[in-house]
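Participant:
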Amino acid sequence: MVAKMKKITFLAFHKDYDCFLHDLRNLGMIHVVEHDRTEADEEGLQQFVAESKKLNEASKILKRYRDKKTTATFNEPDAEQGKTIPAAIEKIENRKSSLSQQLQVSIKERDALRPWGDFDPENIHRLEKAGYHVHFFVSPDNKYNPEWETLYDAVVVKKESSKTYFMTVNHIDRMADLLDLEEVKLPNVSFSALNRLIDSLLEKKKLQDDVLQRLSNDLPSVEAALRELDNRIAFTRVAQSATPLADEKLLLLQGWAPAENVSEILSYLESKDAYFEVSDPLPEDDVPIKFQNNKFFRLFEPVAELYMLPKYNEIDLTPYFAPFYMLFFGLSLGDMGYGLFLLIVATLVKMFQKQKLGTSVKTILSLVQVLGASTMAAGLLTGGFFGFAVYDLDNPISQMLKEKAYFNNNQMFMLSLVLGVIQILFGMCLKAANRIKQFGFIHAVSTLGWILLLSSFILSYLAPALLPMGGTLHLIVMGAAAVLIFFFNTPGKNPAINLGLGLWDTYNMATGLLGDVLSYVRLFALGLSGGILASVFNSLATGMSPDHTIAGPIVAILIFLVGHTINIFMNVLGAIVHPVRLTFVEFYKNAEFTGGGKKYTPFRASNVWNNQTIN
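And the structure:
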């Protein structure tokens, strides 16, 4: 559900405004309404945003260089020290970039020298001083002429990859023209010298990496500087959101707070000599949204936030789709073994990584535990356990469970459709409740007519003795529903318009409802395909393993592990995505969910740094 909110209007004297904002931030419970800023205000924030971007990049770089196995402790947070880190990192990165360029050139020159061997360029210079010209050539084997060795004193250095590497030492200057070949220009350094240079450059790069790794001990300082800057940005945004009054002597600021915190807020503000006024939201107000669900439904709030938050005057659908989503996930995965695997993994991570996990990660892991348990329960319907048919085992427990819980494919198909009908009808009930809450009962009458009509057909099918299909009582119910649908579709308009809109609504309902219900067949299809793939991998594990005492079991286990790892990944992904689609498309549409709310974000200082932020 959505927490009740209160509007709080503040009025501050311009000289006390800065101090008042600090008090408001220390309180940390008010969601301040931020108005559109002018270009001048935005330009004032650009510098802060640019600095924040640099600090974020610095934090990412240092986290990459932080050795997870290191025993070095972090230095104490120092925001001023943290502000200097981006410049230090930039200097190191520039030095590394320069070394990388030198290394690239040196490696290229070494590769060029490699076929010619290791010789001292100084010997070439001595020959040139003595009047000899030394030329280096590379020729295709079919073009090389052995007579060059006599005519031009050519010396073959190496033959490699259908190429001949040779050199000439003589008094002829323009040898390339005579041989019709392009002369190779070798670097003026020896092969061994280049190797030493490359080793030196690699060592220098490693030293720079070591400097960055040592600098990672100052991550707390970077985080402290980032939080200080984020606080300044938030403070500036809030400061610029006030409306000046009385020749800018007074500043008007609006905010929102949960109704349950108002008494605490009032006690705090009264001690600060601040003028304020508390009121209820108006229909046109854009009220921020704060969820207020119990511990179980809170697990599904991250799923709800994937789409959008409800408006303040809407019903929060999170508690209403949560049981369906849990059940749909279990049916889509549909294997007791896979559910047990998810449950065990999530439990072990929560147990052994408890100190390192943030609140949001713990919430996700708790959700995985719930979904794993749901998958185990849904797996009882098909009897699958890592692709093995448990109900084929000849033991009393398996046979008892099969008798009480087993569903065949036809029954699973029908179960998917029945669940779809139930959720869609439930969504219509919520649509009626939403309309009553937002606009009044008269606006929900048409929806109630549809609920009555569809329920009558379902009841006639399930209990024909109670409500015979097409009988007198059924016709009376259908007639009453038709009146509600066609003449209360749009309250306030004349009957002719209502009738036309009712016919149009009937057309949309007739064409859309069948498609909505059939969409739930995917629950059956996903569970069936996952079970088939699991059994296929089991068959491959037993069929492809060699008939060897040692190698056979090893190969079978490897195929089993790899196959089921792939299958779990693919099916868990499908079990997440498709129930989300059914929730956001079919259920939300039939519940007439509009959404568009903004999240309640109180104006407060950022939290202090702790080890969990970087581990």
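Each residue of the sequence shown is one higher than the one before, starting from 124 at the first, in this note's numbering. Think of the CB as a built atom: it goes at the ideal place given N, C-alpha and C, for glycine as much as any other residue. Computed from a predicted model, the values in this text were never measured in an experiment.
Where V307 and V257 are concerned, what is the direct C-alpha to C-alpha distance, given to the nearest angstrom?
Facilitator: Position 184 of the sequence shown, counting from 1, holds the residue named residue 307. Position 134 of the sequence shown, counting from 1, holds the residue named residue 257. Straight-line Cα distance between these residues: approximately 11 Å.
Participant: How about the stretch 669–677 and the stretch 475–489: do they share at least three Cβ pairs that are nearer than 8 Å?
Facilitator: Contact between the stretch 669–677 and the stretch 475–489 is absent, because fewer than three Cβ pairs lie under 8 Å.
Participant: For V401, which beta-bridge partners are listed by DSSP?
Facilitator: Counting from 1 along the sequence shown, the entry for residue 401 is found at position 278. Paired residues: I131.
Participant: Does the Cβ-Cβ distance between F530 and S569 come in under 9 Å?
Facilitator: Taking the first residue of the sequence shown as position 1, residue 530 is located at position 407. Taking the first residue of the sequence shown as position 1, residue 569 is located at position 446. No, the pair does not count as a contact, with Cβ atoms beyond the cut-off.
Participant: Can you say whether N268 is buried or exposed, counting buried as having 16 or more other CB atoms within 10 angstroms of its CB?
Facilitator: On the sequence shown, position 145 is the one that residue 268 refers to. Result: exposed.
Participant: Output the distance between the C-alpha atoms of L342 and L324, rounded to the nearest integer angstrom.
Facilitator: Locating residue 342 in the sequence shown gives position 219, where the first residue counts as 1. Locating residue 324 in the sequence shown gives position 201, where the first residue counts as 1. So the alpha carbons of these two residues sit roughly 28 Å apart.
Participant: With DSSP as the reference, please indicate the residues paired to M298 in a beta bridge.
Facilitator: For the purposes of this step, residue 298 is taken as residue 175 along the sequence shown, with counting starting at 1. Bridge partners of M298: none, in fact.
Participant: In the structure shown, what three-state DSSP assignment does V125 receive?
Facilitator: Position 2 of the sequence shown, counted from the first residue, corresponds to residue 125. DSSP places V125 in strand when its eight states are reduced to three.
Participant: Any chance the CB of L405 is under 8 Å from a heavy atom of the ligand FMN?
Facilitator: The ligand FMN is absent from the structure shown, which contains no ligands of any kind.
Participant: As a quick exercise: from P442, S223 and P411, pick the residue whose alpha carbon is nearest that of Q377.
Facilitator: Here residue 377 refers to the residue found at position 254 when the sequence shown is read from its first residue. Per the Cα distances, P411.
Participant: With DSSP collapsed to three states, give me the class of L742.
Facilitator: What is shown of the chain runs 124 to 738, which leaves residue 742 out entirely.
Participant: Among F289, E283, S285 and I230, which has the Cα closest to the Cα of A277?
Facilitator: Numbered from its first residue, the sequence shown carries residue 277 at position 154. Measuring from the Cα of A277, the nearest candidate turns out to be F289.
Participant: Do the stretch 456–474 and the stretch 674–694 make contact, defined as three or more Cβ pairs closer than 8 Å?
Facilitator: The stretch 456–474 vs the stretch 674–694: in contact.
Participant: For K138, count the other beta carbons within 10 Å of its own beta carbon; 16 or more makes it buried, fewer makes it exposed. Which is it?
Facilitator: Within the sequence shown, residue 138 is the residue found at index 15, counting from 1. The residue is exposed, with fewer than 16 neighbouring Cβ atoms inside 10 Å.
Participant: Put T736 into one of helix, strand or coil per three-state DSSP.
Facilitator: To locate residue 736, count along the sequence shown from 1; it is residue 613. In this prediction, T736 has a pLDDT of 46, which is less than 50 and means its spatial position is unreliable; what the coordinates show is noted afterwards. Three-state DSSP puts T736 in a helix.
Participant: Report the partner residues of M290 according to the DSSP bridge assignment.
Facilitator: Mapped onto the sequence shown, residue 290 falls at position 167. Beta-bridge pairing links M290 to F259 and V278.
Participant: I believe G572 touches I599 by the beta-carbon criterion, under 8 Å. Please report the beta-carbon distance rounded to the nearest angstrom.
Facilitator: On the sequence shown, position 449 is the one that residue 572 refers to. On the sequence shown, position 476 is the one that residue 599 refers to. Wrong, their Cβ atoms sit about 14 Å apart, outside the cutoff.
Participant: Does DSSP put K219 in a helix, a strand or coil?
Facilitator: Position 96 of the sequence shown, counted from the start, is the residue given in the question as residue 219. If DSSP states are grouped into helix, strand and coil, K219 belongs with the helices.
Participant: Leaving out five residues on either side along the sequence, give the residues of the same chain with a beta carbon under 7 Å from the beta carbon of S364.
Facilitator: Along the sequence shown, one-based indexing puts residue 364 at 241. Cβ neighbours of S364 beyond the five flanking positions: V155, V156, E157, H158 and L376.
Participant: Between V385 and K129, how many whole angstroms is the CB-CB distance? I'm expecting something under 8 Å.
Facilitator: Residue mapping note: residue 385 aligns to position 262 of the sequence shown, counting from 1. Residue mapping note: residue 129 aligns to position 6 of the sequence shown, counting from 1. Confirmed, about 5 Å.
Participant: Report the three-state DSSP secondary structure of T366 (helix, strand or coil).
Facilitator: On the sequence shown, residue 366 is found 243 positions in, with the first residue counted as 1. T366: strand per DSSP, three-state reduction.
Participant: Using the beta-carbon count (16 or more within 10 Å), is K759 buried or exposed?
Facilitator: The shown model of the chain, from 124 to 738, leaves out residue 759, and the question about it has no answer.
Participant: Can you name, in chain order, every residue of its own chain whose Cβ lies under 7 Å from the Cβ of T665, other than the five neighbours on each side?
Facilitator: One-based indexing of the sequence shown puts residue 665 at position 542. Excluding residues within five positions, the ones whose Cβ falls inside 7 Å are A679.
Participant: Of the residues R645, V544 and L168, which one's Cα is nearest the Cα of L352?
Facilitator: Translated into the one-based positions of the sequence shown, residue 352 becomes position 229. That would be L168, whose Cα lies nearest to the Cα of L352.
Participant: Does the Cβ-Cβ distance between L405 and G720 come in under 9 Å?
Facilitator: What you label residue 405 is simply residue 282 of the sequence shown in a count that begins at 1. What you label residue 720 is simply residue 597 of the sequence shown in a count that begins at 1. No, the Cβ-Cβ distance between L405 and G720 is not below 9 Å.
Participant: What did DSSP end up calling V155 once you bin it into helix, strand or coil?
Facilitator: Here residue 155 refers to the residue found at position 32 when the sequence shown is read from its first residue. Strand at V155.
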